[in-house]
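Note that the working numbering has the sequence shown beginning at 250, numbered continuously upward. Backbone N, C-alpha and C define an ideal beta-carbon position, used for all residues, glycine too. So the structure is just underneath, and the comments pick up after that.
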Amino acid sequence: PLTPAQVLALPKVELHLHIEGTLEPELILRLAERNGIRLPWADLADLQKQYEFTDLQSFLTLYYANMAVLQTPADFADLTRAYLARAKAAGVRHAEVFLDPQAHTVRGVSLATCINGVAEVLEQSEAEFGLTSALIVTFLRDRPAAEALAMLEELIEMEAPIEGIGLDSAEVGHPPADFVAVYDLARAHGLECVAHAGEEGPPEYVWQALELLQVSRIDHGIRSLEDENLVNHLVERQIALTVCPFSNVRLRVVDTLDVHPLPEMLARGLAVTVNSDDPAYFGGYLDDNFQALVTTFGFTAADLAALSRTAVHAAFLTEDQREPLL
Ligand code: ADE
Ligand code: ZN
């Protein structure tokens, strides 16, 4: 079997990573102190006790609360730098990073503060950390679609350095169909389109993301397995699914890793990629997710390389940029 050192050294591509989900407890405390923010936790151990989740919403509540410490462009830059350093150590060669601007603007942090803080560091990712990167702005589906549309207009107006848009937050009750106008505008401006679908929500939401939002990747998508026609469609079109094993276990989408459907998804011919989602919350980064596939399912170097190859093809890269990663 592969050794941990070999798993670490494999070149990897991350396509589903929320930058706010890389905010580690230690950094939360450091930024709280720097910004004079009082947190409801007594100390690090008390904060760390909060990381037990029963579903997506129980995680989102802590995830959004912790963002209170992110106030200045420097805070967003420090967060992004810490992620890139960790990603480099994990063997990540290319990362497409989600940012949730509405989670910041609703608490009085400007769009420019969060975008520029993250973007200025991502621009240096290749020079400083040896990995290429892209920024994808994700809209919160449990907030009004009109708010997302207005924000996208603002992002276009300010010529924000973004590669595409996505859709995340509480899924059930917030179907992709509500966001057609947002995705139409994004596409008209040449932006790439992805959306979370089929994490907690039904296969119908995956169909809507594909047919109404015309996304080129589905984030999560594991509930697609409940619809044979959908599986066949995803296989025929080779639409990539950005699957996040640790996330699915910690958010109770699956009971345990050993019953995760990832091997079945691969056997069905789905274009599966493996990603870390919110690694500071779910017990590990991309290397840890890869290592768990080795330990739990006996994945070989060839299995892991195949996952990475799928991710390279699903990444928003030119053929020239893809080549060194293949
Ligand atoms: N925001 C951050 N992580 C998320 C996830 N896994 N699902 C939905 N929204 C999210
Ligand atoms: Zn996610």
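Distance cut-off 6 Å: residue i Cβ against heavy atoms of ligand 2
i: Asp433; result: no
i: Asp526; result: yes
Counted within 10 angstroms of its Cβ, other Cβ atoms place residue i as buried (16 or more) or exposed
i: Lys261; result: buried
i: Thr559; result: buried
i: Gln255; result: exposed
i: Gly413; result: buried
i: Gln320; result: buried
i: Arg342; result: buried
i: Ile277; result: buried
i: Leu293; result: exposed
i: Gly518; result: exposed
i: Thr567; result: exposed
i: Val508; result: exposed
i: Glu448; result: buried
i: Gly415; result: buried
i: Thr381; result: buried
i: Leu583; result: Given a span of 250 to 575 for the chain in the structure shown, any question on residue 583 remains unanswerable.
Opening and closing residue of the beta strand (DSSP E) in which residue i lies
i: Val521; result: Ala520 to Val523
i: Ala489; result: Ala489 to Val492
i: Val262; result: Lys261 to His267
Cβ-heavy atom distance, residue i to ligand 1, below 6 Å
i: Asp304; result: no
i: His267; result: yes
i: Asp417; result: yes
i: His445; result: yes
i: Ser473; result: no
i: Ser359; result: no
i: Ser307; result: no
i: Ser496; result: yes
Collapsed DSSP secondary structure at residue i in the structure displayed
i: Lys298; result: coil
i: Phe388; result: strand
i: Ala317; result: helix
i: Asp526; result: strand
i: Thr381; result: strand
i: Ser557; result: helix
i: Val293; result: Note on residue identity: the sequence assigns Leu, not Val, to residue 293. Residue state, collapsed to three classes: helix.
i: Asp552; result: helix
i: Thr303; result: coil
i: Glu275; result: helix
i: Ala564; result: coil
i: Pro250; result: coil
i: Leu575; result: coil
i: Gly532; result: coil
Start-to-end residues for the alpha helix (DSSP H) that takes in residue i
i: Leu483; result: Glu477 to Arg486
i: Leu535; result: Leu535 to Phe546
i: Glu377; result: Ser374 to Phe378
i: Arg393; result: Reading the sequence as shown, one finds Pro at residue 393 and not Arg. First-last for Pro393: undefined, no H or E at that position.
i: Gly285; result: Careful: Gly285 lies outside any alpha helix (DSSP H) and carries neither H nor E.
i: Leu371; result: Leu360 to Leu371
i: Glu568; result: Glu568 to Arg571
i: Ala254; result: Pro253 to Ala258
Taking the runs of the beta strand (DSSP E) that are 3 residues or longer, which of them lie wholly in the stretch 397-469?
The qualifying runs are 413-417, 441-446 and 466-469.
Please specify which runs of the alpha helix (DSSP H), each continuous and at least 4 residues long, are wholly inside the stretch 496-522, giving them in chain order.
If we require 4 residues or more, the alpha helix (DSSP H) runs fully inside the stretch 496-522 come out as 511-516.
Completely contained alpha helix (DSSP H) runs for the stretch 324-357, where each covers 4 or more residues:
List check, alpha helix (DSSP H) in window: 351-354.
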